[in-house]
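Asker:
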Amino acid sequence: LDPVQAGEFAGRGTLDEDEARKVVMREDVYRLGLIFAELVYGAMSPEGPNARTHSSFIERRLRFKGFDVEGLREWSLEPSWTLIVDFMDKDEKAGWDLMQQLVKPDETLSSLEILHKAMRHPFFKDTE
857 LDPVQAGEFA
867 GRGTLDEDEA
877 RKVVMREDVY
887 RLGLIFAELV
897 YGAMSPEGPN
907 ARTHSSFIER
917 RLRFKGFDVE
927 GLREWSLEPS
937 WTLIVDFMDK
947 DEKAGWDLMQ
957 QLVKPDETLS
967 SLEILHKAMR
977 HPFFKDTE
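Structure, rendered in structure tokens:
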């Protein structure tokens with residue numbers, strides 16, 4: 857996106873190049889969280905990838921719950937998705953925590969700090 861498009865996207869008018877880059881990077885982090893959700897739901901759903909495991913559907917559920925991943929977890933407690941919830945609940949809900957950090961990150965952190973923190977997240981711990 858150019859600075860004008862990024863500003864319109866963020867609802868803030870025209871942005872300078874540095875601010876535009878930050879807006880785009882923040883959106884990339886958010887999208888990464890949705891892709892993570894789609895990968896988990898699509899791979900672990902008994903029906904396999906489908907409309908309910910697609911990132912756009914998951915995004916609607918998150919928007920409905922104010923981007924609170926706990927709301928997505930509660931919605932996922934139906935019997936056919938037990939495997940997903942059990943997987944994401946491991947290690948003190950590490951999967952849900954990682955998703956939360958990506959879809960609604962700490963506003964005080966830069967996108968690079970968010971990604972660095974995500975790469976060191978307990979979800980990715982060595983499982984030897």
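First residue of the sequence shown? That's 857 in our numbering, and the numbers climb one at a time after it. Glycine is no exception: its CB is placed at the ideal position from the N, C-alpha and C atoms.
1. Can you give me the C-alpha to C-alpha distance between F920 and V880, rounded to a whole angstrom?
2. Closest to K973 by C-alpha separation, out of E963, Q957, D982, would be which residue?
3. Evaluate T964 with the Cβ neighbour count: other Cβ atoms within 10 Å of its Cβ, from every protein chain shown; 16 or more gives buried, anything less gives exposed.
4. Check each candidate in A907, E930, R916 and name the one with the smallest Cα separation from K949.
5. Within the same chain, show all residues whose beta-carbon is closer than 8 Å to that of F943, passing over the 5 residues directly before and after it, in chain order.
6. By the DSSP assignment, the alpha helix (DSSP H) with W952 in it spans what residues?
7. Classify M955: buried if its beta carbon has 16 or more other beta carbons within 10 angstroms, exposed otherwise.
8. If I follow the unbroken alpha helix (DSSP H) through G889, where does it start and stop?
Answerer: Based on what the coordinates show:
1. Your numbering for residue 920 matches position 64 in the sequence shown. Your numbering for residue 880 matches position 24 in the sequence shown. Approximately 23 Å between the Cα atoms of the pair.
2. Along the sequence shown, read from residue 1 onward, the residue named residue 973 stands at position 117. Residue Q957 is the option with its Cα nearest to K973.
3. Looking up residue 964 in the sequence shown gives position 108. Answer is exposed; the Cβ neighbour count stays below 16.
4. By one-based count along the sequence shown, residue 949 stands at place 93. Considering only alpha carbons, the answer is E930.
5. As a position in the sequence shown, residue 943 is number 87, starting the count at 1. V896, M900, G951.
6. On the sequence shown, residue 952 is found 96 positions in, with the first residue counted as 1. Unbroken alpha helix (DSSP H) run through W952: 938-959.
7. Stepping through the sequence shown from its first residue, residue 955 is reached at position 99. Buried, by the Cβ-count rule.
8. Position 33 of the sequence shown, counted from the first residue, corresponds to residue 889. Counting along the chain, the alpha helix (DSSP H) containing G889 begins and ends at 873-900.
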